[in-house]
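These notes concern the structure reproduced below.
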Amino acid sequence: MPISLIFFHFLLSSAMQNRSQLDTEGLEALRPTSLPLMETTFGPNVNRIKLQKYTTAVTDFPYDPVKWKNRAICFISLGFPELAAGDAYKSLLLFKLVLTESETSSIGSLGWIQYGMSRWMGDPNLILWTTPAELCRKLLQIDLRKSPYETHDILLSALCYIGAVHDAKKLCAEPLRLYPSDVSFSNWVHRLNTRYDAIEATAGSQVLQPGLAFEASLRKNQACGAVRMVLYPWIPKKFLVRPPELILQVNKDLEEVSNGLLEVKKSTIGNNLLNAHTTNLGIFVRKDVKRNEVVLQSPGPLGVTARNTYAHIRLLTQTTSDYCYNCGVLLKKYGYAKGQLLSFEAQVLAPIKVVQTLGVDVIANLDYDFWVLNIIWHRMRDNWAFHYSNSNRDSIDTVSCMSPYNFLNHSCDPMLHVDSATMGRNTFKTWYASRDIKAGEEVFITYVSYKMPKRDRQIALEPYLAGKCTCSRCQSEV
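Read in order, the letters of the sequence shown correspond to residues -15 to -1, 1 to 463 in mature numbering (1 follows the signal peptide of the UniProt record, and there is no 0).
Encoded structure:
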């Protein structure tokens, strides 16, 4: 039997053995046969077919770095640069393992095998049956070494689409080291430096609405990118609504922590009670509640008290007063950053490292694909709660994320105020009625500072509401 035929059988058996480990129920939602039809927000069916093709490829050959590179290109063409950045980064990780550690790393070895398999399946004439195995390997290496160059370019392009210039500048160091004589990446550095200088130069001319300086200064100082988040059109509809059995369980939980006072049902926002098909939910009181009466008590599984930062804040007041004064003088010159801030390190690298620390193969297990992690992050962001101190409603006392609280809707004239207590690593919160509440009323809290003027509240609420806030306070204010 020719040596190259033995090599092919080795590739085939290894790849098929690995593929059998991938055909799990959790991955089926990403296969072409079960991907939902993409609607007009995603464009014509050709876009759906393209994404299905490349997702199938990374499902079947997850350790082949070229497959991730190809899907990154697809995501850029479809207008999802944040997802392209995640795929390009995975591709670069695999290229490094395949090209330099294929003999010592199991993932690198699998990547080498899967690349050889998929390359041969795509072009049988690349390697003939009579080609010696060593020559096969050299031919594949020559072919494979072309792709990291392209992937670095894709990653930098994705970050520039996002506006993460600072991240892109840092990531230029690697291709400059690998391709010192290539002018393309030198040109990248020049363009990025020019763009970064332009951002610095124009930052002072932008106008920031009062009360939103923190996010704008964070964008300027850390040079984060920004993405206007939309629902990914391939998400199955069942993941976009809360099923009836979940509502039953939430009401059981609410009964325990509210002494039977509260229940979840269809919200009154936007006359939703007249719409039988609405998915908007809210929390209602079952009986009359007096002012300052306890309405809800619950420990937050993800609660962090602001008191943990008090010592650090005291230190800062002693060391940064001059700097803070200058910031205050320049505050009105900054501009509000539209879209959701996106940092490559915080929202691409960090989630991957966290998942890997938990023992998950973030490459092969597409249950942890970057778009899934991104949705989890934004759902947590939409549902975490800033609890304002009762003594000072402009001061954030606690930040938490917990199930019963997530059903409370927003009003700029809130009906509840919260008091927090920390025991060990857990934060306990107690909500009190800010006024008398009649049975059947929907209960509202505030998502933003109570003291902000109307214009600033409307802007700060953009990430949380589908449109402008139409609460009674906003309607009465000019």
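The beta-carbon is built from N, C-alpha and C at its ideal position, and this holds for glycine as well. Quick caveat: nothing in here was measured; it's all calculated off a predicted structure.
Near residue 167, what residues of its chain come up, given a Cβ to Cβ distance below 6 Å and the 5 sequence neighbours on each side ignored?
-> none
How many angstroms separate the CA atom of residue 362 from the CA atom of residue 274?
-> 35 Å
According to DSSP, what are the bridge partners of residue 416?
-> 281 and 403
What residues in its chain sit with their C-beta under 7 Å from that of residue 135, if we drop five residues either side in the sequence?
-> 54
The segment 148 to 157 contacting the segment 175 to 182, beta-carbon criterion three pairs below 8 Å = yes
Between residue 396 and the rest of its own chain, which residues show a CB-CB distance below 6 Å, the 5 nearest in sequence each way excluded?
-> 429 and 456
Would you report the Cα separation of residue 390 and residue 65, rounded to the nearest angstrom?
-> 31 Å
Measure the alpha-carbon distance for residue 272 versus residue 421 and round it to whole angstroms.
-> 11 Å
Going by beta carbon distance, what residues of the same chain come within less than 8 Å of residue 328, once the five residues before and after it are set aside?
-> 149, 152, 207, 209 and 210
In whole angstroms, what is the alpha-carbon distance linking residue 347 and residue 340?
-> 7 Å
Could you give the DSSP three-state label for residue 473: helix, strand or coil?
-> Shown here, the chain extends from -15 to 463; a query on residue 473 therefore has no answer.
Spatial distance of residue 216 from residue 40 (CA atoms) = 18 Å
Assigned exposure category for residue 392 - 16 Cβ within 10 Å defines buried = buried
Ordered along the chain, which non-local residues of its own chain (more than five positions away) have a Cβ less than 7 Å from that of residue 69?
-> 57, 60, 61, 139 and 143
May I ask which residues mark the beginning and end of the alpha helix (DSSP H) holding residue 71?
-> 66 to 85
On the three-state DSSP scale, how would you describe residue 348?
-> coil
Near residue 246, what residues of its chain come up, given a Cβ to Cβ distance below 8 Å and the 5 sequence neighbours on each side ignored?
-> 270, 271, 272, 274, 280 and 281
Straight-line CA distance for residue 403 to residue 434?
-> 13 Å
Which first and last residues belong to the beta strand (DSSP E) in which residue 251 is found?
-> 247 to 251
Leaving aside the five residues before and after residue 173 along the sequence, list all residues of the same chain whose C-beta is less than 7 Å from its C-beta, in chain order.
-> 141 and 157
Taking the C-alpha atoms as reference points, what is the distance between residue 342 and residue 128?
-> 33 Å
Which residues in the same chain have their Cβ closer than 7 Å to the Cβ of residue 426, if we skip the five residues on either side of it in sequence?
-> 269 and 270
Identify the continuous alpha helix (DSSP H) that holds residue 335 and give its terminal residues.
-> 335 to 342
Reducing DSSP to helix, strand and coil, say where residue 424 ends up.
-> coil
Inter-residue Cα distance where the pair is residue 89 and residue 364 | 39 Å
Could you check where the beta strand (DSSP E) with residue 269 kicks off and where it finishes?
-> 266 to 270
Taking DSSP as the reference, what is the three-state secondary structure of residue 329?
-> helix
Excluding the 5 residues preceding and the 5 following residue 161 in the sequence, name in chain order all residues of the same chain whose CB lies nearer than 6 Å to its CB.
-> 170
What are the boundary residues of the beta strand (DSSP E) that residue 212 is part of?
-> 210 to 212
8 Å contact criterion, which residue 265 and residue 251 should meet: CB distance rounded = 7 Å
Does the beta-carbon of residue 85 have 16 or more other beta-carbons within 10 angstroms, so that it is buried, or is it exposed?
-> exposed
Start and end of the alpha helix (DSSP H) containing residue 162?
-> 158 to 163
Beta carbon of residue 93, beta carbon of residue 82: below 7 Å?
-> yes
Between which two residues does the alpha helix (DSSP H) harbouring residue 442 extend?
-> 439 to 445
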